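Read through the structure below, which is laid out as structure tokens, and then see the notes.
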Amino acid sequence: MLEKNCNLLILDDVWEYISLEDVGIPDLVGSNSCKVVLTTRFQHVARRMNFNLEPLSEKEALQLFLNKVGSAVLTASGGIINTLEPTLRQVVEECGGLPLAIVTVASSMKKESSPQLWQNALDELRNRRRIVAGTIVVEGSMNDAFEILKFSFDRLNDEKIQDCFLHCALYPEDFAIRKRKLIESWIEEGFIAPMETRHKMNCQGHAILRKLEDNCLLQIVQTAQSRIFDDEDEKAVKMHDLLRDMALDITSKSPRFLVKSGMNIRELPNKEQWTEDLKRVSLMRNSMEEISRDLSSPECRTLTTLLLSHNSLSNLPDSFFEQMNELKILDLSKNYELKSLPNSVSKLKNLTTLLLIGCRQLRKVPALSNCQAITKLDFNRSGIEEIPEGMEMLVNLKYLNLNHTKIRRLPEGILQGLSCLQILALRITGIQVKGEDLWPLEKLECFGGMLNDWNELSIFCKMMQSRKERIRDYLLDIGSGEEEIVEETTLGRRWVKISCLPIASEKRVPLPHNVETIEFRRCHDFKCVDQLSFLKDTVNLTTCLLSECQSIEFAFSSLFNFNPLQSLQFLVLDQLENLKSLFEEEALAPSALSFPLKTISIMDCPKIKKLFSPRLLVWHLQNLESILVFDCEELEEIIASEGSKEEDGKLPLPKLKILGLRNMPKLKSICGRTRVLVCDSLEALGIVDCPMLKRVPLSPPPSLKDIKVSSEESWESLEWEHPNAKDILLPLVEFDR
Numbered sequence: 001m002l003e004k005n006c007n008l009l010i011l012d013d014v015w016e017y018i019s020l021e022d023v024g025i026p027d028l029v030g031s032n033s034c035k036v037v038l039t040t041r042f043q044h045v046a047r048r049m050n051f052n053l054e055p056l057s058e059k060e061a062l063q064l065f066l067n068k069v070g071s072a073v074l075t076a077s078g079g080i081i082n083t084l085e086p087t088l089r090q091v092v093e094e095c096g097g098l099p100l101a102i103v104t105v106a107s108s109m110k111k112e113s114s115p116q117l118w119q120n121a122l123d124e125l126r127n128r129r130r131i132v133a134g135t136i137v138v139e140g141s142m143n144d145a146f147e148i149l150k151f152s153f154d155r156l157n158d159e160k161i162q163d164c165f166l167h168c169a170l171y172p173e174d175f176a177i178r179k180r181k182l183i184e185s186w187i188e189e190g191f192i193a194p195m196e197t198r199h200k201m202n203c204q205g206h207a208i209l210r211k212l213e214d215n216c217l218l219q220i221v222q223t224a225q226s227r228i229f230d231d232e233d234e235k236a237v238k239m240h241d242l243l244r245d246m247a248l249d250i251t252s253k254s255p256r257f258l259v260k261s262g263m264n265i266r267e268l269p270n271k272e273q274w275t276e277d278l279k280r281v282s283l284m285r286n287s288m289e290e291i292s293r294d295l296s297s298p299e300c301r302t303l304t305t306l307l308l309s310h311n312s313l314s315n316l317p318d319s320f321f322e323q324m325n326e327l328k329i330l331d332l333s334k335n336y337e338l339k340s341l342p343n344s345v346s347k348l349k350n351l352t353t354l355l356l357i358g359c360r361q362l363r364k365v366p367a368l369s370n371c372q373a374i375t376k377l378d379f380n381r382s383g384i385e386e387i388p389e390g391m392e393m394l395v396n397l398k399y400l401n402l403n404h405t406k407i408r409r410l411p412e413g414i415l416q417g418l419s420c421l422q423i424l425a426l427r428i429t430g431i432q433v434k435g436e437d438l439w440p441l442e443k444l445e446c447f448g449g450m451l452n453d454w455n456e457l458s459i460f461c462k463m464m465q466s467r468k469e470r471i472r473d474y475l476l477d478i479g480s481g482e483e484e485i486v487e488e489t490t491l492g493r494r495w496v497k498i499s500c501l502p503i504a505s506e507k508r509v510p511l512p513h514n515v516e517t518i519e520f521r522r523c524h525d526f527k528c529v530d531q532l533s534f535l536k537d538t539v540n541l542t543t544c545l546l547s548e549c550q551s552i553e554f555a556f557s558s559l560f561n562f563n564p565l566q567s568l569q570f571l572v573l574d575q576l577e578n579l580k581s582l583f584e585e586e587a588l589a590p591s592a593l594s595f596p597l598k599t600i601s602i603m604d605c606p607k608i609k610k611l612f613s614p615r616l617l618v619w620h621l622q623n624l625e626s627i628l629v630f631d632c633e634e635l636e637e638i639i640a641s642e643g644s645k646e647e648d649g650k651l652p653l654p655k656l657k658i659l660g661l662r663n664m665p666k667l668k669s670i671c672g673r674t675r676v677l678v679c680d681s682l683e684a685l686g687i688v689d690c691p692m693l694k695r696v697p698l699s700p701p702p703s704l705k706d707i708k709v710s711s712e713e714s715w716e717s718l719e720w721e722h723p724n725a726k727d728i729l730l731p732l733v734e735f736d737r
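UniProt numbering numbers the first residue of the sequence shown as 1 and each following residue consecutively.
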């Protein structure tokens, strides 16, 4: 714990000696006014800067190793199996007392109880160059550091899985890679063997991810989306920077990678670096605006992957791809100023994947009739205005995403000829797909598009039934569809969105039997969701979204009269100008089970004044993990104080992880003047632009990681239950800009 008025300076990942005095930091000996935390891989740097850098003790190293290696090496009493103990201790010794080495080696030996396998592992480690690895490198030798990490890499014993790991090095350092996107890229590269369905390949991808995670070669990162909606695909993974360096060292041999991603470079690498033995090039997430003339046609005859996404390219030389005969994957996504593609794209006969996501200025794609190897085209949110010439000849096309493009019509019969399609995303304003157009697509697994009316929805549902569950995921717009939802694919979605249609009188709306998300937008003829009789038979409904429905006064009339509430986990209420309360009649019962609702998100509902009663929370909503309330101008209380007879006491929300409150000028209290929330799982708290809210009714839980407030002044005005809360929590605070 820092003393009051003590400053903390963190110097992260220092590679060279830094004179603290030269940068204005005085001699720290005996000083209580400033503390410095230094992280470095290099012991000589730490020594020269007078920092004491000690590896783990023998006891600490053994304990960390046993925590990671698992129970297979332990006896019933918790000790090490006698036949393994001598060898295991020597393996730990080879790790040099350094955490990353210990963790990676231990993880690679999980579930191994054979003495012979342990002896072999020890021999492998000893046969490598004598090293000290982990987060420290002795005498600056990076090659030494990589050897022990390669032990875990080599033990994967599967070239495809090793390729999957090395592929992660194409992304920038410390970059969080979404699981869904990473698995898709493995499929594009061919690391996952072709299977009968895309779903099976996706499952194989998750199995590979788990293996890499279990071996501590990748680490899991929660994203905001995965945290709120509990979506495994929306989670991300990161590669430790030393492991990434090791991967790049491996890929520096022929055939090799050229990786300069996330380095803010403004020009392509010079001509000398574009050698004939290049296999994969990643220049993603830089600031490149143009390609110099001397690189008009790089000689890269073995290049298979070229990643140029997230740059500022406006055009490419006409001959740029002429000597890239083996190119399979071309990613130009998020080059927002890209206006044209060179005609040499049409000559890429081995091209399998073309990604132009977010290229808003791009109006046309060159003819693709000679690119019949293509299996994936993703033009999501690009500016293209017409289907590329020759697309009807792409008989191997499996993945087509034209969501939110400027295409205004589909050529007659274009879909019927693409018989290999597995994923089809056609959420384009003005284009409505007929159910009969989808019938010939017998391999279709995922579909997103706009259907004109209930009859077309009925045809789609019949097709699902006839295909015996092959169509797993869908995102269907019924009625006057719009572009508010930004999903890039339909993968993992079973979503029906109904817009601008009268629905209260419909008793037999033909919903897919396994629908998980239902959304109503600008439907003005019902007062609450449980008034819609056709929803009563849904058994898998987990998410309900209500937006711009003027007649809605309550989300539900009652807690106990609507079957889908037994499975509902996520409730989103947006721009409901007449919403008064969540429930018209709470009819609370203390013996009733808690409902599974995890997330409540309420935005721009101007008439609602209170969200919950204390009894509603304690008796029925104990599974809440996220409460987000934004722009509700009349809201006064989150949890009602129940008038003048407010009771003291604690309100437990044991699973709550996120509480976000923004832009509510009349919000006075979270749970009254004297009650206290007990939220031992709280990870993120946001109170922004709520000037009348002064009391934060909780003691800081140890799980709290992030706090966002409007400004320094608003932070100072908050009153916490714990007297020292502000001093303790200040390092977690971020001011909203």
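Positions of the beta carbon are idealized from the N, C-alpha and C atoms, including for glycine.
All figures in this text were calculated on a predicted structure; none of them were measured in a lab.
Alpha helix (DSSP H) segment containing residue i, residue limits
i, result
"N67", "E58 to V69"
"E188", "K179 to E189"
"G205", "R198 to D214"
"I250", "D241 to I250"
"D163", "E159 to H167"
"L122", "P115 to N127"
"K726", "A725 to L729"
"E94", "E85 to E94"
"I100", "For the sequence presented, residue 100 should be read as Leu rather than Ile. Start and end: P99 to S108."
Whole-angstrom C-beta distance between residue j and residue i, which should lie under 8 Å
i, j, result
"R494", "F534", "The Cβ separation is near 16 Å, so there is no contact."
"T387", "L410", "Position check: residue 387 holds Ile in this sequence, whereas Thr was assumed. About 7 Å; that satisfies the 8 Å criterion."
"F257", "R280", "5 Å"
"K328", "L351", "6 Å"
"V688", "W720", "Going by Cβ atoms, the distance from V688 to W720 rounds to 17 Å, so no, they are not a contact pair."
"S312", "M288", "6 Å"
"I639", "L617", "6 Å"
Reference residue i; option with closest CA among the options
i, options, result
"P723", "D163, L348, S714 and S699", "S699"
"I10", "I25, K666, E16 and V36", "V36"
"M239", "A176, S557, P510 and C544", "A176"
"F151", "N127, D706, C168 and K666", "N127"
"D22", "D158, M49, Q361 and V496", "M49"
"E16", "L38, S287 and I25", "L38"
"L66", "R363, I102 and L685", "I102"
"E337", "N325, N315, Y474 and L559", "N315"
"S547", "K536, I459, T538 and R521", "R521"
"L441", "S558, F460 and I431", "F460"
"residue 787", "P269, E716 and I161", "Because the chain here runs from 1 to 737, residue 787 falls outside it and cannot be looked at."
"E716", "S703, P691 and P701", "P691"
"C446", "G430, N401 and Q416", "N401"
"M393", "Q416, C671, Q465 and C544", "Q416"
"V676", "S641, K705, S296 and P665", "S641"
"S414", "E436, L98 and N120", "One point to set straight first is that residue 414 is Ile, not Ser, in the sequence displayed. Minimum Cα distance to I414 is reached at E436."
"I407", "K347, F612, K364 and D727", "K364"
"K536", "C523, L545 and S567", "S567"
Span of the beta strand (DSSP E) around residue i
i, result
"Q7", "First, the amino acid is wrong: residue 7 is Asn here, not Gln. That run of the beta strand (DSSP E) goes N7 to V14."
"A555", "F554 to S558"
"I329", "I329 to D331"
"S312", "Here S312 belongs to no beta strand (DSSP E), and DSSP marks it neither H nor E."
"V37", "C34 to T40"
Minimum Cβ-Cβ distance from residue i to chain C less than 8 Å
i, result
"S558", "No chain C is present in this structure, which holds just one protein chain."
**Message:** Ignoring anything shorter than 4 residues, give me the alpha helix (DSSP H) runs that lie fully in the segment 393-454, in order along the chain.
**Reply:** 435-438
**Message:** Tell me whether the segment 86-94 and the segment 53-68 touch, counting them as touching only if at least three CB pairs, one residue from each stretch, are closer than 8 Å.
**Reply:** yes
**Request:** Check whether the segment 235-245 touches the segment 183-191, taking contact to mean three or more Cβ pairs, one atom from each stretch, closer than 8 Å.
**Result:** no
**Message:** Is it the case that the segment 206-221 contacts the segment 99-110, given that we only count it when at least three CB pairs across the two stretches are under 8 Å?
**Reply:** yes
**Asked** How about the segment 599-611 and the segment 574-582: do they share at least three Cβ pairs that are nearer than 8 Å?
**Response** yes
**Asked** Do the segment 517-529 and the segment 547-566 meet, that is, are 3 or more Cβ pairs less than 8 Å apart?
**Response** yes
**Item:** Cβ contact (3+ pairs, closer than 8 Å) linking the segment 649-657 and the segment 628-635
**Value:** no
**Request:** List in chain order: all unbroken beta strand (DSSP E) runs of 3+ residues lying wholly within the segment 495-565.
**Result:** 517-521, 543-547 and 554-558
**Request:** Mind the definition here: the segment 116-126 touches the segment 162-182 only if three or more C-beta pairs lie below 8 Å; say whether that holds.
**Result:** no
**Touch test, the segment 356-368 against the segment 378-394, Cβ-Cβ under 8 Å, three pairs minimum** = yes
**Request:** Just list the beta strand (DSSP E) runs in the segment 659-733, keeping only unbroken ones of 3 residues or longer that don't cross its boundaries, in chain order.
**Result:** 676-678, 684-688 and 706-709
**Asked** On the three-pair Cβ rule with 8 Å, is the segment 725-735 touching the segment 700-709?
**Response** yes
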